[in-house]
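Peer 1: Quick note: the sequence shown uses the working numbering, first residue -14, plus one each step. Note that the Cβ used here is the ideal one computed from N, Cα and C, for glycine as well. Computed from a prediction, not measured in an experiment: that's the story for all the values here.
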Amino acid sequence: MTTQRPFVALESTVISHGLPYPQNLALAQEMEAIVRRHGAEPRTVAVIGGELRAGLSEAELHHLATAKGVRKVSRRDLPIVVARRLDGATTVATTMWVAQRFGIQVFATGGIGGVHRGKGDDISADLQELAQTPVIVVCAGAKAILDLPATLEYLETQGVTVVGYGTDEFPAFYSRTSGLAVDVRCDTAAEVAAIWRAKQSLGLPGGLLVTVPAPADMEIPAAEIEPAIAQAVAEAEARGLRSAEVTPFLLTRIAQLTGERSLRTNLALLHNNAAVAAEIAVALAAA
Ligand code: PSU
Ligand code: MN
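1. Does Pro338 pass the burial test, meaning 16 or more other C-beta atoms within 10 Å, or should it be called exposed?
2. Report the rounded CA-to-CA distance for Lys57 versus Asp111, giving the unit in angstroms.
3. Could you tell me the alpha carbon to alpha carbon distance between His274 and Glu222, rounded to whole angstroms?
4. In this structure, does DSSP put Ser1 in helix, strand or coil?
5. Flag this pair as touching only if the stretch 48 to 63 and the stretch 5 to 20 have three or more C-beta atom pairs under 8 Å; answer yes or no.
6. Going by C-alpha distance, which of Ala215, Glu17, Leu193 is nearest Ala263?
7. Look at Ile108 and Ala127 and say whether their C-beta atoms are less than 8 Å apart.
8. Residues in its own chain within less than 6 Å of Val(-1) by CB, not counting five upstream and five downstream?
9. Tell me, which residues are paired with His101 by DSSP?
10. Compute every distance between the C-beta of Leu361 and the non-hydrogen atoms of the ligand PSU, then say whether any falls below 7 Å.
11. Can you name, in chain order, every residue of its own chain whose Cβ lies under 7 Å from the Cβ of Thr80, other than the five neighbours on each side?
12. So, Val169 versus Val148, is the Cβ gap smaller than 8 Å?
13. Between the alpha carbons of Val66 and Ser59, how many angstroms are there, rounded?
14. Under a three-way DSSP split, which group does Lys184 fall into?
15. Using the DSSP secondary-structure output, state which residues sit across from Pro64 in a beta bridge.
16. Where does Gly54 land, buried or exposed, given buried means 16+ other C-beta within 10 angstroms?
17. Using the C-alpha atoms, what's the distance from Gly103 back to Arg(-10)?
18. For Tyr159, does the three-state DSSP call read helix, strand or coil?
19. In its own chain, which residues sit with a C-beta less than 6 Å from the C-beta of Ala217, not counting the 5 before and 5 after it?
20. Return the bridge partner residues of Glu36 from the DSSP annotation.
21. Would Ala183 and Gly144 qualify as a contact pair, given that the criterion is a beta-carbon distance under 8 Å?
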C-alpha cells in the first residue's frame, strides 16, 4: 500500500470547470512543474475515452482545458463515463479514488467541496470520499460559498482529521482565516507524514485533509469577498440550480464578480498547495 516513489495526484475539474482558458492550461502545466521542482512526480487524473488515467500527455491536458462539454465526474458518474467511453474531469472525490487505485497517497487541489449554504441537503461527495479513501488531500480549505461550520461538523462525524498547515484556523480559500479551528496544526511535511503513518498503523480508514492558507500577500479578506459570494449564492438559488451544476456556477460567477484579483489568488494558492503536497510526498517516501 505504501509507495516509495513520491507521487502527487492533481485533479482535472479545476482545469475544465474551475478556471477559464488559457489560465487553466497554464495552471495545469505549472502545477506539474512545481511538483517536479520539489522532487516529486505529478500525476494529473482524468477519464479519457472511458479509461481511468493518472498521468496525462500535453495534448490531453490541452483537450481538458479547451473542449466544451467535458463531463464533471464525481463518484456516481464514474460507471457512466467508463461504460460509454467518455472523457471526464475528475472532482476531488473521484481524483482521490483514482489516485488510490494507482497507489498514490498525496493529492494537491485548490478547494474541496462541502456542505452548501441553505437547507444543507447539497453535500459534496468529496466529504464522503475523505471518510473512505486513503489519500492525503492538500487544499486551501473550502470556499465560503459553502457552509464552513457545517462542512467541518460533517468531517468530524465522518472521522476525517483536519490539519492546519502553518495555521490553527481552517482557511477559507481566498481568506486565510475563517474563525474555525482545525484539529491539529503542523508546521512541517514531516509532521503531516507522522500523522498519516499513525493513521495507517491504527488501521483507520479514509483520508487526511491538509489545509494550507493562501500566500499572505495574495489573500482577499473575507469581508471583501463575501458580497460576491452572497450574490452568487442568491443567483444560484433564483435559477433553481441543483446537484453538480451548483459548484461550477458559483465558481464562475464569483470569478466574474471579483475579476482578476480573485483569479490571481486562486492560481497562487494552487501553486502553493502543489509545493506543499510534493514536500509531504517526499517526506513519506523518505520514511
Ligand atoms: N471548489 C473550488 N474549486 C473547484 C472545486 C471546488 O474552489 O474547482 C471543484 C472540485 O473539483 C471539487 C468539486 O471536488 O468542485 C466539488 O463539486 P460538488 O460541490 O458538485 O461536489
Ligand atoms: Mn453538490
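Peer 2: If we stick to the structure as given:
1. It is not possible to answer for residue 338, since the shown part of the chain is limited to -14 through 272.
2. 13 Å
3. Absent from the structure is residue 274, since the part of the chain shown begins at -14 and ends at 272.
4. helix
5. yes
6. Glu17
7. no
8. Gly95
9. Leu131
10. With the chain covering only -14 through 272, there is no way to say anything about residue 361.
11. Ala(-6), Glu(-4), Val30, Phe92
12. yes
13. Straight through space, the alpha carbons of Ser59 and Val66 are spaced by roughly 10 Å.
14. If DSSP states are grouped into helix, strand and coil, Lys184 belongs with the helices.
15. None; Pro64 has no bridge partner.
16. By the 10 Å Cβ count, Gly54 comes out exposed.
17. 43 Å
18. In the structure shown, Tyr159 sits in coil (DSSP, three-state: anything other than H, G, I, E or B).
19. Taking C-beta separations shorter than 6 Å and ignoring five residues to either side along the sequence, the partners of Ala217 in its chain run Leu235, Arg238, Ile239, following chain order.
20. Ile33
21. Against a cut-off of 8 Å, the Cβ pair of Gly144 and Ala183 comes out as no contact.
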